[in-house]
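In full-length UniProt numbering, the protein residues as written are 1 to 411.
Ideal placement from N, C-alpha and C gives every residue a C-beta, glycine not left out.
Only a predicted model underlies this, so the values are computations on that prediction, with no experimental measurement involved.
Since the structure comes first, as structure tokens, the remarks are kept for the end.
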């Protein structure tokens with residue numbers, strides 16, 4: 001049935017696009033939501049595997065600082081829709097949440113699928129039209145051009161919201177192809193790089209074959225930021241066949257990546273006996289071995305498992321291994337050099353994207369009036385722990401408000 005309501009095209013049906021669709025359809029606008037994949041929210045569902053970490057309970061000032069250089073910008077989004085409002089919104093879908101021991105917030109059933117199903121029911125009830133298998137190819141005579149199984153498709157819109165994600169997990173839809181469509185239009189884009197990612201180093205064949213896939217825990221990892229600040233995190237990570245990954249590495253990945261970009265390599269320092277001080281270790285390691293092997297001494301007196309012992313052999317020379325003082329220092333400050341990040345497509349998320357200077361306060365592209373951007377395709381990054389999703393949800397609210405303000409000013 002014909003309608004004189006403004007029609008809004010939202011391209012990208014992840015959390016950001018769905019949130020924008022909800023806000024705009026609730027305001028009475030006609031919303032068409034397009035996605036290249038056969039179903040919506042695929043990366044969102046993957047994030048829920050093993051426990052849907054939706055946000056974090058950290059106090060707001062500390063929460064905002066998690067967004068690093070973009071904290072002021074993302075803080076403006078969170079002023080409109082913060083973690084507490086997100087939890088209330090989820091409850092409005094009939095799903096309760098709880099705070100875990102780490103401060104992370106989860107749905108009570110720990111799953112993403114029930115939340116997504118309830119959300120899609122609400123959107124359908126509000127009249128949102130969903131178009132899957134529609135891959136956006138840019139514009140043709142001011143119309144949106146899509147590739148579909150039925151062939152080319154053109155759509156007209158009064159405003160367009162792009163929520164196309166970053167460049168990680170291309171098989172789930174976020175492949176970063178939009179950079180090739182926006183850059184020729186004069187949109188300022190910071191190149192996409194891996195965030196919350198693993199790093200590559202060159203192990204010996206023995207360590208690579210013997211220990212790949214094994215956890216390294218507990219350890220304290222340290223890295224020096226570009227400003228000279230020493231950042232330290234305690235936790236665990238995974239040794240891979242050619243490097244390291246896991247939550248502890250992800251927490252320091254931004255600093256490690258910056259080192260790689262500036263210096264060509266990155267250095268991580270590991271404390272492999274975090275509950276023993278160096279003087280204590282040196283004293284214990286100075287005691288007579290009484291025929292015991294070094295591995296046995298390190299296990300009994302320093303609490304090191306075979307993986308930690310192998311890492312010491314990997315990075316300390318024979319003289320250091322035989323010297324109690326040098327060995328104790330190596331246990332407490334073992335340097336690991338990384339030569340590269342894992343590929344962008346393997347990263348949990350991406351850094352870079354449409355720069356803040358390319359956008360109005362309502363997230364409209366200055367170079368393309370009537371075209372808005374939100375979510376992970378913008379130039380910000382955050383650690384895992386619910387921060388990524390919270391900012392994506394918040395930017396969906398912000399961009400919808402930006403569309404409403406722009407339409408109101410046009411009328």
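Considering only their Cβ atoms, is the gap separating residue j from residue i smaller than 8 Å?
{"i": "residue 98", "j": "residue 52", "result": "no"}
{"i": "residue 138", "j": "residue 192", "result": "no"}
{"i": "residue 359", "j": "residue 167", "result": "no"}
{"i": "residue 386", "j": "residue 56", "result": "yes"}
{"i": "residue 396", "j": "residue 17", "result": "yes"}
{"i": "residue 132", "j": "residue 37", "result": "yes"}
{"i": "residue 126", "j": "residue 22", "result": "yes"}
{"i": "residue 428", "j": "residue 41", "result": "What the structure shows of the chain is the stretch from 1 to 411, and residue 428 is not part of that stretch, so it cannot be assessed."}
{"i": "residue 340", "j": "residue 200", "result": "yes"}
{"i": "residue 272", "j": "residue 316", "result": "no"}
{"i": "residue 394", "j": "residue 185", "result": "no"}
{"i": "residue 203", "j": "residue 346", "result": "no"}
{"i": "residue 190", "j": "residue 379", "result": "yes"}
{"i": "residue 211", "j": "residue 310", "result": "yes"}
{"i": "residue 391", "j": "residue 77", "result": "yes"}
{"i": "residue 112", "j": "residue 170", "result": "no"}
{"i": "residue 58", "j": "residue 103", "result": "yes"}
{"i": "residue 384", "j": "residue 293", "result": "no"}
{"i": "residue 337", "j": "residue 263", "result": "no"}
{"i": "residue 299", "j": "residue 197", "result": "no"}
{"i": "residue 233", "j": "residue 274", "result": "no"}
Measure the beta-carbon distance from residue i to residue j and round it to whole angstroms, keeping in mind my assumption that it falls under 8 Å.
{"i": "residue 284", "j": "residue 301", "result": "4 Å"}
{"i": "residue 10", "j": "residue 34", "result": "7 Å"}
{"i": "residue 157", "j": "residue 8", "result": "6 Å"}
{"i": "residue 371", "j": "residue 364", "result": "7 Å"}
{"i": "residue 29", "j": "residue 61", "result": "Contact doesn't hold; Cβ gap of about 35 Å is too wide."}
{"i": "residue 333", "j": "residue 240", "result": "Rounded, the Cβ-Cβ distance is 22 Å, inconsistent with contact."}
{"i": "residue 45", "j": "residue 116", "result": "7 Å"}
{"i": "residue 85", "j": "residue 401", "result": "The Cβ separation is near 13 Å, so there is no contact."}
{"i": "residue 95", "j": "residue 70", "result": "Actually they do not touch by this definition, with Cβ atoms about 29 Å apart."}
{"i": "residue 215", "j": "residue 236", "result": "5 Å"}
{"i": "residue 43", "j": "residue 213", "result": "With a Cβ gap of about 24 Å, residue 43 and residue 213 do not count as contacting."}
If you draw a straight line from the alpha carbon of residue i to that of residue j, how long is it in whole angstroms?
{"i": "residue 320", "j": "residue 267", "result": "20 Å"}
{"i": "residue 253", "j": "residue 148", "result": "37 Å"}
{"i": "residue 349", "j": "residue 374", "result": "15 Å"}
{"i": "residue 404", "j": "residue 24", "result": "8 Å"}
{"i": "residue 464", "j": "residue 329", "result": "In the structure as shown, the chain begins at 1 and stops at 411. Residue 464 is therefore absent and cannot be evaluated."}
{"i": "residue 286", "j": "residue 324", "result": "6 Å"}
{"i": "residue 261", "j": "residue 72", "result": "24 Å"}
{"i": "residue 382", "j": "residue 173", "result": "20 Å"}
{"i": "residue 249", "j": "residue 351", "result": "16 Å"}
{"i": "residue 226", "j": "residue 67", "result": "16 Å"}
{"i": "residue 50", "j": "residue 110", "result": "8 Å"}
{"i": "residue 306", "j": "residue 312", "result": "10 Å"}
{"i": "residue 175", "j": "residue 290", "result": "59 Å"}
{"i": "residue 278", "j": "residue 122", "result": "58 Å"}
{"i": "residue 140", "j": "residue 231", "result": "49 Å"}
{"i": "residue 15", "j": "residue 93", "result": "14 Å"}
{"i": "residue 187", "j": "residue 354", "result": "7 Å"}
{"i": "residue 288", "j": "residue 229", "result": "40 Å"}
{"i": "residue 258", "j": "residue 388", "result": "19 Å"}
{"i": "residue 1", "j": "residue 128", "result": "Annotation note: pLDDT 40 at residue 1 (below 50); position unreliable, coordinate value reported separately. When rounded, the distance between both Cα atoms is 14 Å."}
{"i": "residue 207", "j": "residue 224", "result": "26 Å"}
{"i": "residue 151", "j": "residue 195", "result": "35 Å"}
{"i": "residue 407", "j": "residue 27", "result": "12 Å"}
{"i": "residue 256", "j": "residue 335", "result": "13 Å"}
{"i": "residue 144", "j": "residue 39", "result": "20 Å"}
{"i": "residue 411", "j": "residue 177", "result": "33 Å"}
{"i": "residue 64", "j": "residue 83", "result": "10 Å"}
{"i": "residue 120", "j": "residue 89", "result": "14 Å"}
{"i": "residue 409", "j": "residue 242", "result": "55 Å"}
Checking the sheet assignment: what are the DSSP bridge partners for residue i?
{"i": "residue 137", "result": "DSSP lists no partner for residue 137."}
{"i": "residue 364", "result": "372"}
{"i": "residue 56", "result": "104"}
{"i": "residue 270", "result": "221, 334"}
{"i": "residue 244", "result": "199, 239"}
{"i": "residue 161", "result": "10, 372"}
{"i": "residue 350", "result": "194"}
{"i": "residue 95", "result": "According to DSSP, which records beta bridges pairwise, residue 95 is partnered with nothing at all."}
{"i": "residue 378", "result": "354"}
{"i": "residue 430", "result": "Lying outside 1 to 411, the shown extent of the chain, residue 430 is not represented and no answer is given."}
{"i": "residue 129", "result": "32"}
{"i": "residue 232", "result": "222"}
Counting only C-beta atoms, is residue i closer than 8 Å to chain C at any point?
{"i": "residue 216", "result": "Included in the structure is just one protein chain, with no chain C present."}
The segment 214-229 contacting the segment 154-162, beta-carbon criterion three pairs below 8 Å: Touching, no, given that fewer than three Cβ pairs across the two stretches are closer than 8 Å.
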